[in-house]
Structure formats: structure tokens, C-alpha cells
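*Asks:*
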């Protein structure tokens with residue numbers, strides 16, 4: 069019975085050290101969480117998921133920045149959708165559709 073009691077205590081302790089990551093839905097040991105995440109409690113994601121989420125956020129930010137172009141006429145950063153296909157091919161020197169329309173009206 070002592071062995072059973074020790075086994076139960078060890079099992080209970082190991083279960084207490086497991087925490088379910090809400091992002092990947094996998095039970096992981098406390099070693100898989102940073103100190104800050106351990107303090108946050110059950111809602112905290114494991115280190116691996118946090119790293120993946122940060123990486124995804126950085127990729128999305130980089131992509132959104134790559135899709136911006138500064139219009140030399142109005143000096144405003146705009147998405148590529150604000151430029152015609154012809155203007156996109158011209159590169160950084162091309163004005164946005166709105167500025168091209170305004171310039172044509174003035175001429």
C-alpha cells in the first residue's frame with residue numbers, strides 16, 4: 069500500500085505540473101511555459117505557440133509593409149490597390165490613381 073500511495077502522490081504531482089495550452093490544445097509540462105506565462109495561469113499559451121504566433125504576426129506585418137508605396141505627388145503611403153497596373157510596373161516614381169486623375173483634370 070505504501071507503493072500505491074507513493075505512486076498516487078507521484079501521479080497527482082505530475083498531473084498538477086501539466087497545463088493545457090489553449091492554442092495547440094495539448095497538455096504540456098510547466099517547463100514548456102515561460103515564467104511570465106506560468107504566472108498568467110490557464111489562459112497562457114506554451115512557448116512554442118507564442119513563438120509561432122509572434123512569427124505569424126511579423127510575417128503579416130512585413131507583408132502589409134511591402135504592399136505600401138509612397139505616392140510622390142501627395143506624399144502619402146498607400147496600398148498597391150491605389151495604383152493602376154501600369155503605375156505598379158513603373159515602380160516608386162508612379163503616382164496613385166487619385167493623383168493621376170487630379171493631374172489629368174488640371175491639364
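In my numbering, the protein residues as written are 69 to 175.
Using N, Cα and C, we set each Cβ at its ideal position, and we do this for glycine too.
1) Measuring only the C-alpha atoms, how far is residue 149 from residue 138?
2) Could you give the residue range of the beta strand (DSSP E) that holds residue 145?
3) How many Å lie between residue 129 and residue 113 at the Cα?
4) Quick check on this structure: which residue in 145, 144 and 163 has the alpha carbon closest to the alpha carbon of residue 153?
5) Report yes if the CB atom of residue 89 is closer than 8 Å to the CB atom of residue 96, and no otherwise.
6) Taking residue 145 as the reference, which of 73, 117, 72 and 165 has the closest Cα?
7) The beta strand (DSSP E) with residue 161 in it runs from where to where?
*Replies:* If we stick to the structure as given:
1) Approximately 13 Å between the Cα atoms of the pair.
2) Counting along the chain, the beta strand (DSSP E) containing residue 145 begins and ends at 145-147.
3) One C-alpha to the other measures close to 21 Å.
4) The closest CA to that of residue 153, considering only 145, 144 and 163, is found on 163.
5) Between residue 89 and residue 96, the C-beta gap is smaller than 8 Å, which places the two residues in contact.
6) Minimum Cα-Cα distance from residue 145 among the listed residues 73, 117, 72 and 165 corresponds to 165.
7) Counting along the chain, residue 161 falls outside any beta strand (DSSP E), and DSSP gives it neither H nor E.
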